[in-house]
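S.K.: To start, I am sharing the structure in question, which I have written as structure tokens.
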Amino acid sequence: MLKKLTSHRLFKNTSALIIMQLFTYVAPFIVLPYLSRTLGADGFGLMIAALSLTVIANVCTDFGFNLSATYLISRKQNQTRYISKVITAIYSLKLLLLSLVFFGIALYLIFAVNYTALAIAAIYLTVFFQAFLSPWLFQGIEKMKLITYSTIASRMVYVVIVFLLVKHKDDYDLALMCNAIATMLACFLANWLIKKEGFSLVKPSKRLIKLMFTHSSQFFVSRVALQASSSISVLVLNTFVTPTQVGIYGASDKLFNAFKSLINPFSQALYPYMANTGNTKLLFKFTALLGLAMLIPAGIGFYFAEEVIALIYGIDFIESANILRIFIVTGFFAFFSILYGYPAFASIKRVDLANKSVIISGSTLLVVLIALASFQMITIMNVAYTILSVELLTLFLRIYWFKRIRK
185 MLKKLTSHRL
195 FKNTSALIIM
205 QLFTYVAPFI
215 VLPYLSRTLG
225 ADGFGLMIAA
235 LSLTVIANVC
245 TDFGFNLSAT
255 YLISRKQNQT
265 RYISKVITAI
275 YSLKLLLLSL
285 VFFGIALYLI
295 FAVNYTALAI
305 AAIYLTVFFQ
315 AFLSPWLFQG
325 IEKMKLITYS
335 TIASRMVYVV
345 IVFLLVKHKD
355 DYDLALMCNA
365 IATMLACFLA
375 NWLIKKEGFS
385 LVKPSKRLIK
395 LMFTHSSQFF
405 VSRVALQASS
415 SISVLVLNTF
425 VTPTQVGIYG
435 ASDKLFNAFK
445 SLINPFSQAL
455 YPYMANTGNT
465 KLLFKFTALL
475 GLAMLIPAGI
485 GFYFAEEVIA
495 LIYGIDFIES
505 ANILRIFIVT
515 GFFAFFSILY
525 GYPAFASIKR
535 VDLANKSVII
545 SGSTLLVVLI
555 ALASFQMITI
565 MNVAYTILSV
575 ELLTLFLRIY
585 WFKRIRK
């Protein structure tokens with residue numbers, strides 16, 4: 185039975201996704217203790233804010249392709265020429281989206297804290313190369329182990345060059361450039377693997393380009409709300425509080441997002457599988473077992489929050505412990521929200537409801553942040569509690585709609 189389980193394509197792709205996410209987030213956590221101590225709270229805050237900007241840019245250039253293309257390709261896995269046309273159509277659309285995103289970044293940087301020329305170059309390079317990493321292709325053909333190789337290689341390079349180059353408090357821009365170089369390497373390797381799999385750039389029809397745009401646009405707003413919420417919060421904080429406070433908040437925010445990224449592989453691997461099989465029993469088993477497994481580490485992290493922060497970031501970031509406690513509770517609810525999101529609704533052919541839930545929650549987040557800003561109540565604690573409230577709202581909507589439709 186164990187042999188049958190480990191040979192299952194869902195198990196293989198989930199394992200590959202977990203390994204990829206581990207290297208994506210473990211590599212930064214190898215260097216985060218070094219960066220927080222070397223850069224200090226100010227420099228660390230500037231770096232976190234810049235990285236948050238690249239996350240939002242990535243969501244915009246992704247435009248929902250990570251969901252729409254994955255779904256489409258998973259249904260046409262054996263049609264190499266058609267998939268090649270899909271790749272070309274998406275790359276063409278991404279070039280257009282990049283021009284708009286670059287303009288938006290330029291506007292933000294005019295009003296943001298003054299970044300060095302090197303930091304600005306690193307931001308633009310990261311945004312450009314991460315747009316063409318194409319995880320949606322490997323998820324769709326259910327060969328995530330391939331892109332895992334490029335992720336491991338790029339993250340290892342990132343770790344090495346950070347330790348070699350970042351030496352002083354004002355080297356936050358070098359840290360950002362290290363990330364840009366690693367992203368560039370991952371992009372080159374990913375596209376080399378795409379070519380090796382037999383795919384190429386084939387001119388798509390205008391109809392296909394329009395189809396990819398319209399089909400992906402329904403996911404776009406929801407992906408902005410889902411993936412960019414914490415990054416938007418960091419950018420808001422960067423506007424209203426000091427870089428030191430941004431660094432304090434960002435320390436726990438990084439841990440929170442690392443946890444969510446460990447959960448996402450299960451969701452990403454389950455999504456095409458559920459779309460094809462509708463096997464909700466497997467989803468319920470996954471959720472129950474992983475939920476129970478989370479309780480002990482979550483409890484330990486909550487109780488020893490000060491020790492965790494001091495160990496990872498240093499004593500200067502101890503103020504972040506209370507933020508971490510809020511994010512641990514938020515993460516527990518986020519776990520159920522993620523698994524009861526796109527995989528669950530794909531099984532009942534109502535992915536639109538997963539989109540609506542995050543659109544409602546994301547809109548709520550923006551309204552609350554605007555209200556806090558209007559009343560001059562933007563603090564790191566208030567923003568953290570806002571993220572918790574929004575996550576609870578998302579979970580409530582998804583469970584309510586899912587149960588109502590399955591009756």
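Going by this note's numbering, the first residue of the sequence shown is number 185, and it counts up by one from there.
Note that CB positions come from ideal geometry on N, CA and C, so glycine has one too.
Given the structure is predicted, the values throughout are model-derived calculations rather than measurements.
1. Note the first and the last residue of the continuous alpha helix (DSSP H) segment covering residue 268.
2. Rounding to the nearest angstrom, what Cα-Cα distance links residue 257 and residue 405 in this structure?
3. Pull up the distance between the alpha-carbon of residue 222 and that of residue 348, whole angstroms please.
4. How many angstroms separate the CA atom of residue 402 from the CA atom of residue 529?
5. Determine, using beta carbons only, whether residue 547 and residue 582 come nearer to each other than 8 Å.
6. Could you check what DSSP says for residue 399 in three-state terms: helix, strand or coil?
7. If you draw a straight line from the C-alpha of residue 454 to the C-alpha of residue 518, how long is it?
8. Start and end of the alpha helix (DSSP H) containing residue 356?
9. Compute the Euclidean distance between the alpha carbons of residue 370 and residue 588, then round it to the nearest angstrom.
10. Would you grab the beta carbon distance between residue 471 and residue 531 for me? Rounded to a whole angstrom, and I think it's under 8 Å.
11. Can you tell me whether DSSP reads residue 323 as helix, strand or coil?
12. Determine the contact status of residue 431 and residue 240, defining contact as a CB-CB distance below 8 Å.
13. Whose CA, out of 555, 584, 558 and 564, lies closest to the CA of residue 537?
14. What residue range is occupied by the uninterrupted alpha helix (DSSP H) comprising residue 452?
15. Pick helix, strand or coil for residue 385, following the three-state DSSP scheme.
16. Flag this pair as yes or no: are the beta carbons of residue 388 and residue 272 separated by less than 8 Å?
17. Starting from residue 253, trace the alpha helix (DSSP H) in both directions and tell me its first and last residue.
18. Just to confirm, are residue 481 and residue 323 a CB contact at a threshold of 8 Å?
19. Quick check on residue 475: buried or exposed, where buried means 16 or more other Cβ atoms within 10 Å of its Cβ?
20. To the nearest angstrom, how far is the alpha carbon of residue 508 from that of residue 439?
21. Could you tell me how far apart the beta carbons of residue 429 and residue 419 are, in whole angstroms, since I believe they sit closer than 8 Å?
22. To the nearest angstrom, report how far apart residue 567 and residue 514 are at their CA atoms.
23. Can you tell me which of the three DSSP states residue 318 falls into?
24. Mind checking whether residue 592 and residue 312 have CB atoms under 8 Å apart?
25. Report buried or exposed for residue 391, applying the criterion of at least 16 other Cβ atoms within 10 angstroms of its Cβ.
26. Just curious, the alpha helix (DSSP H) that residue 594 is in, first and last residue?
27. Roughly how many angstroms separate the alpha carbons of residue 384 and residue 252, rounded to a whole number?
28. Where does the unbroken alpha helix (DSSP H) through residue 575 begin, and where does it stop?
29. Looking at the unbroken alpha helix (DSSP H) that takes in residue 561, where does it start and where does it end?
30. Thinking C-beta only, is residue 368 closer than 8 Å to residue 309?
31. What residue from 570, 535, 340 and 564 has the CA that sits closest to residue 552's CA?
32. Taking 7 Å as the limit between beta carbons, can you name the residues of its chain near residue 386, skipping five residues before and five after?
33. Beta-carbon separation of residue 343 and residue 214 under 8 Å?
34. Mapping the DSSP letters down to three states, classify residue 227 as helix, strand or coil.
35. Which of the three DSSP states is assigned to residue 534 in this structure?
36. Name the two residues that bound the continuous alpha helix (DSSP H) containing residue 515.
M.R.: Looking at the coordinates:
1. As a working mapping, residue 268 is identified with position 84 in the sequence shown. According to the DSSP assignment, residue 268 belongs to the alpha helix (DSSP H) that extends over 264-295.
2. By one-based count along the sequence shown, residue 257 stands at place 73. By one-based count along the sequence shown, residue 405 stands at place 221. Spanning the two alpha carbons is a distance of roughly 22 Å.
3. By 1-based counting over the sequence shown, the position of residue 222 is 38. By 1-based counting over the sequence shown, the position of residue 348 is 164. Cα to Cα, residue 222 sits roughly 13 Å from residue 348.
4. Reading the sequence shown from its first residue, position 218 is the one you call residue 402. Reading the sequence shown from its first residue, position 345 is the one you call residue 529. Rounded to whole angstroms, residue 402 to residue 529 spans 15 Å at the Cα level.
5. Position 363 of the sequence shown holds residue 547. Position 398 of the sequence shown holds residue 582. No. Outside cutoff.
6. Along the sequence shown, one-based indexing puts residue 399 at 215. Looking at residue 399 - three-state DSSP - the assignment turns out to be helix.
7. In the sequence shown, counting from the first residue as 1, residue 454 sits at position 270. In the sequence shown, counting from the first residue as 1, residue 518 sits at position 334. About 16 Å.
8. One-based indexing of the sequence shown puts residue 356 at position 172. Where residue 356 is concerned, the enclosing alpha helix (DSSP H) stretches over 356-380.
9. Here residue 370 corresponds to residue number 186 of the sequence shown, with the count starting at 1. Here residue 588 corresponds to residue number 404 of the sequence shown, with the count starting at 1. Each residue's Cα considered, the two are about 43 Å apart.
10. For this step, residue 471 is matched to residue 287 along the sequence shown. For this step, residue 531 is matched to residue 347 along the sequence shown. Not quite, the Cβ-Cβ distance comes to about 12 Å (not below 8 Å), so this is no contact.
11. One-based indexing of the sequence shown puts residue 323 at position 139. Correct three-state label for residue 323: helix.
12. As a working note, residue 431 is residue 247 in the sequence shown. As a working note, residue 240 is residue 56 in the sequence shown. The beta carbons of residue 431 and residue 240 sit no closer together than 8 Å.
13. The residue labelled residue 537 in the question sits at position 353 within the sequence shown. Taking only the C-alpha atoms, the option nearest residue 537 is 584.
14. Here residue 452 refers to the residue found at position 268 of the sequence shown. Unbroken alpha helix (DSSP H) run through residue 452: 427-461.
15. Mapped onto the sequence shown, residue 385 falls at position 201. Correct three-state label for residue 385: coil.
16. Locating residue 388 in the sequence shown gives position 204, counting from the first residue. Locating residue 272 in the sequence shown gives position 88, counting from the first residue. Against a cut-off of 8 Å, the Cβ pair of residue 272 and residue 388 comes out as a contact.
17. Translated into the one-based positions of the sequence shown, residue 253 becomes position 69. Element bounds for residue 253: 249-258.
18. For the purposes of this step, residue 481 is taken as residue 297 along the sequence shown, with counting starting at 1. For the purposes of this step, residue 323 is taken as residue 139 along the sequence shown, with counting starting at 1. No.
19. In the sequence shown, counting from the first residue as 1, residue 475 sits at position 291. When all chains shown are included, residue 475 counts as exposed.
20. Along the sequence shown, read from residue 1 onward, the residue named residue 508 stands at position 324. Along the sequence shown, read from residue 1 onward, the residue named residue 439 stands at position 255. Between residue 508 and residue 439, the C-alpha separation is close to 8 Å.
21. Position 245 of the sequence shown, counted from the first residue, corresponds to residue 429. Position 235 of the sequence shown, counted from the first residue, corresponds to residue 419. With a Cβ gap of about 13 Å, residue 429 and residue 419 do not count as contacting.
22. For the purposes of this step, residue 567 is taken as residue 383 along the sequence shown, with counting starting at 1. For the purposes of this step, residue 514 is taken as residue 330 along the sequence shown, with counting starting at 1. Going from the Cα of residue 567 to the Cα of residue 514 covers about 12 Å.
23. If you number the sequence shown from 1, residue 318 lands on position 134. In the structure shown, the three-state DSSP call for residue 318 is coil.
24. Because the chain spans 185 through 591 in this model, residue 592 falls outside it and cannot be assessed.
25. In the sequence shown, residue 391 corresponds to position 207, counting from 1. Result: exposed.
26. Residue coverage of the chain in this structure runs from 185 to 591, which leaves residue 594 outside it and unanswerable.
27. One-based indexing of the sequence shown puts residue 384 at position 200. One-based indexing of the sequence shown puts residue 252 at position 68. When rounded, the distance between both Cα atoms is 20 Å.
28. As a first step, residue 575 is located in the sequence shown; it is residue number 391 there, counting from the start. 564-590 is the span of the alpha helix (DSSP H), which, as asked, contains residue 575.
29. Your numbering for residue 561 matches position 377 in the sequence shown. From DSSP, residue 561 is part of no alpha helix (DSSP H); its letter is neither H nor E.
30. Along the sequence shown, read from residue 1 onward, the residue named residue 309 stands at position 125. Along the sequence shown, read from residue 1 onward, the residue named residue 368 stands at position 184. Result yes, Cβ atoms of residue 309 and residue 368 sit closer than 8 Å.
31. For this step, residue 552 is matched to residue 368 along the sequence shown. Of the listed residues, the one whose Cα sits closest to residue 552 is 570.
32. The count along the sequence shown starts at 1 and reaches residue 386 at position 202. For residue 386, where only same-chain residues beyond five positions count, the Cβ hits under 7 Å are 265, 268, 269 and 272.
33. Along the sequence shown, read from residue 1 onward, the residue named residue 343 stands at position 159. Along the sequence shown, read from residue 1 onward, the residue named residue 214 stands at position 30. Against a cut-off of 8 Å, the Cβ pair of residue 214 and residue 343 comes out as a contact.
34. Working through the sequence shown from its first residue, we reach residue 227 at position 43. The answer is helix: DSSP assigns residue 227 an H, G or I state.
35. Residue 534 sits at position 350 when you count from the first residue of the sequence shown. Looking at residue 534 - three-state DSSP - the assignment turns out to be coil, as it is neither helix nor strand.
36. Along the sequence shown, read from residue 1 onward, the residue named residue 515 stands at position 331. Its alpha helix (DSSP H) spans residues 505-523.
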